[in-house]
Amino acid sequence: MQKSTGKDTGVSNWINGKLIFKRTPLPEVVKTLSRKFNYAITADGNLSNCFITADFTNEQLKDIMSVIAKLVKGKAIPNGTAYHLKGKGC
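In my numbering, the protein residues as written are 2 to 91.
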């Protein structure tokens with residue numbers, strides 16, 4: 002038997018190729034994606050109040066960034082191993 006805090010860390014989802022966000026603050030999404038894909042991902046400050054709900058299974062980063070950009074009514078600008086999210090906000 003294991004003690005559970007009730008909080009899903011998402012580690013098992015990473016192993017299975019799944020990224021599931023449920024009303025997750027954009028800064029946390031950016032941090033998760035940066036760690037998983039080893040990319041430097043930044044976002045305009047006005048997007049920090051956006052919440053993301055999305056389920057990505059075995060998706061490439063460029064596709065994930067495209068979806069997130071639409072959710073924040075903006076653009077995902079690639080630059081080598083980096084992305085910057087620009088947008089109007091949520």
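Cβ coordinates follow ideal geometry from the N, Cα and C atoms, glycine included. Treat the numbers as computed from the prediction; the structure is a model and nothing was measured.
Cα-Cα separation between residue i and residue j, rounded to whole angstroms
i	j	result
T54	N47	18 Å
K76	N17	28 Å
D56	T82	23 Å
G88	A70	7 Å
V30	P79	17 Å
D64	T58	11 Å
S35	G90	20 Å
In DSSP terms, what residue i is bridged to
i	result
T25	I53
A44	L86
L20	F57
DSSP three-state assignment for residue i, whether helix, strand or coil
i	result
K37	helix
G75	strand
Same chain only: Cβ atoms within 7 Å of residue i, ignoring 5 sequence neighbours per side
i	result
Y84	Y40, I42, M66, A77 and I78
Cutoff 6 Å; reference residue i; Cβ partners in own chain excluding five residues on either side
i	result
K19	T58
N50	none
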